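In what follows, a single structure is set out as structure tokens and then discussed.
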Amino acid sequence: KWRRALAHVANYCIENRMKTPLGKPMDTFNKLGGELLRLAKEVISGTPTPSTTKAPSQSRVGVTSGRDKGAKDDEDSVDITEPRSITPAEEWWRVRCLLEFVEIFEKLMYYVNNGTMFPICNVSVLSRQFFTTNSVSCQEWLSRTYPFAMIVAYHNGYYAQVIRFGTSALADLEKKQLKAESGLAEGEAPPPVSGQSMATLCWMARAMAELGVEQAVHGLSAWTRRVYHTEMPFLAAIAEIAAARYERSLVLLRQCIEDESLSETFRGMLRDIRVDVLSRLRHPVFLDALSCPAEFSLWNESEKLEGQTPTGMDAETFARFDIPKDF
């Protein structure tokens, strides 16, 4: 029933040409994308970000009906505008519904613009004209939204949804890459892989690793060779995680993290993956800077001598992996 309700909401947005209680079409797009961006920042930073919802008006606080004024004391009056704090389970469900809505909304936009073998819903001519005219803007909004939706879906435990959004993102990225290569002069080098492409591949591979599908990660490697004509070693490292070969994955991740050609932001993502691998191993030798083998070590030589925590890992995170030596 809740999927049907979300489908009706998405159909409402399509039929009303994105004019919703959230505002005009651009306002509606921005509100949806902004909420996904807020959630993505929240799960990455680990701290809640303020919502854009306005606080209730102070003039309505403590309102009670006239019938109850003489029957109850002031202490028994009910504040009908005081927001109720939702439980973690309700927050998880709220995010899951938002992700489901975005998926259904994307499918309806594709149906309106390109059609499908079987009709999904009835759409008026005016609505079709609106989305056909603004198809480029809608696609750009989806391209900006995919990365945030993938991050939120991954931390929501919705790994299949990560792959589903990632597949749509890769199709769009492939079109952009082919268009860029078609405009190159003879002998000119193709453009480098964008940060968005690498992040999309990384989140897709992590979701596949959670599902334990090693061959699917190798399929991503084949896609990068076909589209970008290059190898991405971090995909091989994540494929080892999918196959539960964690020690080998630590070796490959260390090599990728030490690659200076990668951006610091992306290397930070790889460090997060390494922390996840360590949480699965839970072996004290990997947390000892002096006894840990060099190929598995989290520390560089200067950090070993000075007794510092590994680069990219704060003391609090490292303390969570501190295991008694008699483990």
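Take 1 as the starting number for the sequence shown in full-length UniProt numbering and just add one per residue. Every residue gets a Cβ at the ideal spot worked out from N, C-alpha and C, and that includes glycine. It should be emphasised that the depicted structure is a prediction, and the values quoted were computed from it without experimental measurement.
Would DSSP call residue i helix, strand or coil?
i: G157; result: coil
i: G166; result: helix
i: G23; result: strand
i: S249; result: helix
i: I44; result: helix
i: K175; result: helix
i: V123; result: coil
i: G34; result: helix
i: S137; result: helix
i: H229; result: coil
i: M18; result: coil
i: P147; result: helix
i: G183; result: coil
i: E258; result: coil
i: A189; result: coil
i: K69; result: The pLDDT assigned to K69 is 44, lower than 50, so where the model puts this residue is not dependable, and the model offers no usable value.
Return yes when the Cβ of residue j is within less than 9 Å of the Cβ of residue i, no when it is not.
i: S249; j: V217; result: no
i: F266; j: C202; result: yes
i: E35; j: L98; result: yes
i: P6; j: E100; result: This sequence places Leu at residue 6; Pro is not what is there. It is a contact, given that the beta carbons lie within the stated cut-off.
i: L32; j: L22; result: yes
i: L243; j: E214; result: Note that residue 243 is Ala in the sequence shown here, rather than Leu. It is a contact, given that the beta carbons lie within the stated cut-off.
i: S143; j: N113; result: no
i: T167; j: V193; result: no
i: Y246; j: L270; result: no
i: R155; j: V275; result: Checking the sequence, you will find His at residue 155 rather than Arg. No, they are not a contact pair.
i: L211; j: Y159; result: yes
i: R3; j: I104; result: yes
i: A171; j: A207; result: no
i: A180; j: P190; result: yes
i: L220; j: L235; result: yes
Please name the residue in the options whose C-alpha comes closest to that of residue i.
i: Y228; options: V213, G195, K19, M208; result: G195
i: R17; options: A171, F131, F234, G183; result: F131
i: N122; options: L184, M208, L253, E15; result: E15
i: R96; options: R128, S124, V162; result: V162
i: C138; options: M26, I151, G115, M150; result: M26
i: E174; options: R226, R206, G219, T145; result: R226
i: D259; options: D272, A205, P233, E240; result: P233
i: E240; options: T224, A205, W223, S261; result: A205
i: N30; options: R128, T145, K179, S279; result: T145
i: S124; options: V251, A171, Y12, S221; result: Y12
i: Q129; options: T116, I151, Y111; result: Y111
i: residue 338; options: L184, P48, V102; result: No statement about residue 338 is possible, as the shown extent of the chain runs from 1 to 327 and does not include it.
i: A169; options: E106, E188, A185; result: E106
i: S197; options: R254, L262, T133; result: L262
i: W141; options: V102, I273, G115; result: V102
i: M150; options: K41, G115, K24, T133; result: K41
i: T224; options: E264, Q177, G157; result: Q177
i: G157; options: W93, I273, G46, G268; result: W93
Output the boundary residues of the alpha helix (DSSP H) element that contains residue i.
i: E240; result: 233 to 242
i: S276; result: First, the residue type needs correcting, since residue 276 is Asp and not Ser in the sequence shown. From DSSP, the alpha helix (DSSP H) with D276 extends over 264 to 281.
i: E210; result: 195 to 211
Confirm the yes/no value for this check: CB of residue i, any heavy atom of the ligand NAD, distance under 8 Å.
i: M26; result: Judged by which ligands are present, the structure shown has none, so any question about the ligand NAD falls away.
Of all Cβ atoms in chain C, is any one closer than 9 Å to the Cβ of residue i?
i: A160; result: Although the question refers to chain C, the structure presented lacks it and comprises just one protein chain.
Query - Residue ranges of each beta strand (DSSP E) within the region 78 to 119, 3 or longer - result: none
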